[in-house]
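Before any comments, here is the structure.
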Amino acid sequence: MSMEARIAEEVRRAVRSATGLELDGVHVERPNDPGHGDYATNVALAHARTFRRNPREVAGEIAGALDAAFVEKVEVAGPGFINFWLSAGALAGELTVLLRSGEAYGRREPSGKPVNLEFVSANPTGPLHVGHGRHAAYGDSLARILAAAGRKVSREFYFNDGGNQIRLLGESVAARYAELYGREWPVSDPDALYKGEYIAEIARTAADRAGERYLEMEPAAAVRELSEFAADWCMRDIRRTLKRARTPFDIFFNERSLYDSGEVERVVERLREGGYTYERDGALWLRSTDFGDDKDRVLVKSDGGYTYMAPDLAYHLNKWERGFARAVDIWGADHAGYPPRIRAGLLALGLPEDFFDVEIVRLVKLMREGRQVKASKRAGNFVTFDELLDEVGVDVARYFFVRSSHRTEMNFDLDLAVRQSDENPVYYVQYAHARIASIFRRAGLGPEEIREVPEGEFAPEERLLVLELLDYPRILESAAARREVHPVPIYLEALATKFHQFYTVHRVLVGDEALQRRRLALCAATKTVLKSGLELLGVEAPERM
Numbered sequence: 001m002s003m004e005a006r007i008a009e010e011v012r013r014a015v016r017s018a019t020g021l022e023l024d025g026v027h028v029e030r031p032n033d034p035g036h037g038d039y040a041t042n043v044a045l046a047h048a049r050t051f052r053r054n055p056r057e058v059a060g061e062i063a064g065a066l067d068a069a070f071v072e073k074v075e076v077a078g079p080g081f082i083n084f085w086l087s088a089g090a091l092a093g094e095l096t097v098l099l100r101s102g103e104a105y106g107r108r109e110p111s112g113k114p115v116n117l118e119f120v121s122a123n124p125t126g127p128l129h130v131g132h133g134r135h136a137a138y139g140d141s142l143a144r145i146l147a148a149a150g151r152k153v154s155r156e157f158y159f160n161d162g163g164n165q166i167r168l169l170g171e172s173v174a175a176r177y178a179e180l181y182g183r184e185w186p187v188s189d190p191d192a193l194y195k196g197e198y199i200a201e202i203a204r205t206a207a208d209r210a211g212e213r214y215l216e217m218e219p220a221a222a223v224r225e226l227s228e229f230a231a232d233w234c235m236r237d238i239r240r241t242l243k244r245a246r247t248p249f250d251i252f253f254n255e256r257s258l259y260d261s262g263e264v265e266r267v268v269e270r271l272r273e274g275g276y277t278y279e280r281d282g283a284l285w286l287r288s289t290d291f292g293d294d295k296d297r298v299l300v301k302s303d304g305g306y307t308y309m310a311p312d313l314a315y316h317l318n319k320w321e322r323g324f325a326r327a328v329d330i331w332g333a334d335h336a337g338y339p340p341r342i343r344a345g346l347l348a349l350g351l352p353e354d355f356f357d358v359e360i361v362r363l364v365k366l367m368r369e370g371r372q373v374k375a376s377k378r379a380g381n382f383v384t385f386d387e388l389l390d391e392v393g394v395d396v397a398r399y400f401f402v403r404s405s406h407r408t409e410m411n412f413d414l415d416l417a418v419r420q421s422d423e424n425p426v427y428y429v430q431y432a433h434a435r436i437a438s439i440f441r442r443a444g445l446g447p448e449e450i451r452e453v454p455e456g457e458f459a460p461e462e463r464l465l466v467l468e469l470l471d472y473p474r475i476l477e478s479a480a481a482r483r484e485v486h487p488v489p490i491y492l493e494a495l496a497t498k499f500h501q502f503y504t505v506h507r508v509l510v511g512d513e514a515l516q517r518r519r520l521a522l523c524a525a526t527k528t529v530l531k532s533g534l535e536l537l538g539v540e541a542p543e544r545m
């Protein structure tokens, strides 16, 4: 339980004691100004209509009724705020809990039914681009945060290696393959072909494997074989990039399996039998407006082919039947209007309203010297995720991608990303961790040897550092509940700042053994939380820099 939650519980008890009322929603927070206490609540103001009395008078009664051993001082301020100061013993006790918990501090053991988290889900038609990189960093970090907050999580990658886009991939490779032998391949639409050096790479690999065999085949048969070969090549490339970016998946789910198993056909028939479909203009429509969509949607086209909606509904029903408590999909901005129709279809299938949810990740722009970088040699009309990793490294790429909310567009500053200074937030946080490691090397002991905090008063900079450390459990729980990752790097930067401020004012290795032990405890606790937080982001915590 976070310190805010503990104080909120004590405030509820004090309200009950002072007024006889039971309150929910007691809000406690850290004030921006340390002069306003370690923590504060506006409970008397927020519930003024309930109390029906002067908020300042009510605040005084609540403060007088508060009986918490860990609170040293309570003060009523302004129109009815209540400010709290924790005792030095309480701070030392909480710090000791942190030290003994290690990287488990603030985390919970996973329990309950698992959540299915689907993200990236790029079709194997080419390398991952930087937009996929943002999806990977957000999705994987969110999975780690949810797990740290006690949720079981299954990471899933959904892909389609069939259909027209894969045929077009095969044609693109065939055209480049023929060029290797000075020949021209008959293509349906030259302007629609995939561009980029990776197509030539696949073509050369095919030529090394098969020689001129594809030139001797009937073109349609050759394209079918090259399509499968190219899709497999692209899928291996995608998996390699994901592994490099420290983004593991539990399941790679092929859309084709839904057709092979008959699940797409069965889901359409189930909707038809339930009375949720009708025929018009030769097509089969879903009555999705009955379930909150803005218009009805086509499930089966007039030519008998399925729309994208049919396999998508079959896929999410499949997730439900696999026993997931919830399916959270991470989609791009181009799918922002798609969730209502899927939700409507799942409701028609009888799934709970809260089973399916979506997080939309907005666009990312690469910026160099104030100008957008749009193209690359390998991919043609976009910059690949691998190219970004080559330039800035995995740590910087992942950290930068999640430092701003996934719900807003972001500019990725390449100039800042390669800067080795405090201006670079990744460097700033990692340097704090490395600096602490250096302190322990000079002290001749390991951080794990510090298991408790000697008694004594904390200097102002020490106190602020302890309070920042105690905020970590709340940050984790809040980030998980809101499915937001950016609060974690923002918190780590604030923690690094508090540590640097403490270290600038106070020497750690001093002659007073008790004082040195207490400051080493602060350093050990800070190192633990920095490493834990960076791990949630998939970023390394270096011992030396």
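Using the UniProt record's numbering, you'd call the opening residue of the sequence shown number 1 and step up by one each time. Note that CB positions come from ideal geometry on N, CA and C, so glycine has one too. For clarity, every value in this text was computed on a predicted model and none was experimentally measured.
Could you give the C-beta distance for residue i and residue j, rounded to a whole number, given that I count them as a contact under 8 Å?
i: Arg-326; j: Phe-355; result: 6 Å
i: Val-298; j: Ala-283; result: 5 Å
i: Lys-365; j: Phe-412; result: 7 Å
i: Glu-409; j: Leu-363; result: 5 Å
i: Gln-516; j: Val-505; result: Not really, about 15 Å apart at Cβ, beyond 8 Å.
i: Val-453; j: Ala-92; result: 4 Å
i: Pro-127; j: Tyr-198; result: 6 Å
i: Glu-156; j: Phe-253; result: 6 Å
i: Trp-320; j: Leu-351; result: 6 Å
i: Ala-14; j: Ala-65; result: 4 Å
i: Ala-200; j: Leu-226; result: Not confirmed; about 13 Å, so no contact.
i: Ala-496; j: Tyr-428; result: 6 Å
i: Thr-40; j: Glu-457; result: Sequence inspection shows Ala at residue 40; the Thr mentioned does not correspond to that position. Not quite, the Cβ-Cβ distance comes to about 22 Å (not below 8 Å), so this is no contact.
Please return the same chain residues whose Cβ sits closer than 6 Å to the Cβ of residue i, not counting the five positions on each side in sequence.
i: His-132; result: Val-120, Ala-122 and Phe-385
i: Met-3; result: Leu-470
i: Ile-202; result: Val-173, Ala-230 and Trp-233
i: Gln-501; result: Glu-461
i: Tyr-491; result: Ile-475
i: Leu-464; result: Lys-498
i: Gly-80; result: Ala-44, Leu-45, Pro-55, Arg-56 and Ala-59
i: Leu-534; result: Ala-541
i: Glu-94; result: Leu-470
Which term fits residue i, buried or exposed, when burial requires 16 or more other beta carbons within 10 angstroms of its beta carbon?
i: Ser-188; result: exposed
i: Asn-54; result: exposed
i: residue 549; result: Because the chain in this structure spans residues 1 to 545, residue 549 falls outside the shown range and cannot be described.
i: Tyr-105; result: buried
i: Ile-166; result: buried
i: Asp-312; result: buried
i: Lys-498; result: buried
i: Gln-420; result: exposed
i: Val-267; result: buried
i: Pro-473; result: buried
i: Gln-372; result: exposed
i: Asp-67; result: exposed
i: Glu-387; result: buried
i: Ile-251; result: exposed
i: Arg-107; result: buried
Ignore the nearest five residues each way along the sequence and tell me which others in residue i's own chain have a CB closer than 7 Å to its CB.
i: Ala-48; result: Pro-55
i: Glu-184; result: Ala-178
i: Glu-369; result: Asp-415
i: Arg-403; result: Pro-425, His-486 and Pro-489
i: Pro-124; result: Phe-159, Asp-161, Ala-231, Cys-234, Met-235 and Ile-238
i: Gly-345; result: Leu-286, Ser-288, Met-309 and Leu-313
i: Leu-520; result: Ala-443, Ile-450 and Val-508
i: Ala-77; result: His-36 and Asn-83
i: Ala-175; result: Trp-185, Val-187 and Leu-193
i: Val-153; result: Pro-114, Val-115, Leu-117, Ala-143, Leu-146 and Ala-147
i: Glu-353; result: Leu-347
Using a Cβ-Cβ cut-off of 8 Å (strictly less than) and excluding sequence neighbours within five positions of residue i, which residues of its own chain qualify?
i: Asp-281; result: Ser-302
i: His-129; result: Ala-379, Phe-382, Val-383, Thr-384 and Phe-385
i: His-63; result: A quick correction: the sequence has Ala, not His, at residue 63. Closer than 8 Å at Cβ, skipping near neighbours: Ala-14, Val-74, Glu-75, Val-76 and Ile-82.
i: Arg-256; result: Asn-160, Asp-161 and Gly-162
Kindly examine the ligand HEM and report whether one of its heavy atoms sits closer than 7 Å to the Cβ of residue i.
i: Thr-19; result: The ligand HEM is absent from the structure shown, which contains no ligand whatsoever.
Pairs of beta-carbons, one from the stretch 27-36 and one from the stretch 109-116, closer than 8 Å: are there three or more? Put simply, the stretch 27-36 does not touch the stretch 109-116. Fewer than three CB pairs are less than 8 Å apart.
How do the stretch 517-527 and the stretch 90-104 stand: do at least 3 beta-carbon pairs fall below 8 Å, yes or no? Verdict: yes, contact present.
Sequence ranges, alpha helix (DSSP H) only - wholly within the stretch 206-236, length at least 4: Complete alpha helix (DSSP H) runs here, min 4: 213-216.
Does the pairing of the stretch 242-251 with the stretch 212-231 give three or more beta-carbon distances under 8 Å? They do not touch, by the three-pair rule.
Which residue spans inside the stretch 253-322 form an unbroken beta strand (DSSP E) run of at least 3? Within the stretch 253-322, the complete beta strand (DSSP E) segments of 3 residues or longer fall at 277-280, 283-286 and 297-300, listed in chain order.
Every unbroken alpha helix (DSSP H) inside the stretch 140-186 [4 residues or more]: If one requires a minimum length of 4 residues, the alpha helix (DSSP H) runs lying completely within the stretch 140-186 are 164-180, in chain order.
Which ranges would you report for the beta strand (DSSP E) in the UniProt domain "Arginyl tRNA synthetase N-terminal" (5-86) if only whole runs of at least 3 residues count? With a minimum length of 3 residues, the unbroken runs of beta strand (DSSP E) contained wholly in the UniProt domain "Arginyl tRNA synthetase N-terminal" (5-86) fall at 39-41, 71-77 and 81-86.
Let me know the alpha helix (DSSP H) ranges lying completely inside the UniProt domain "DALR anticodon binding" (429-545), each 4 residues or longer, listed in chain order. List check, alpha helix (DSSP H) in window: 460-470, 472-482, 487-505 and 513-536.
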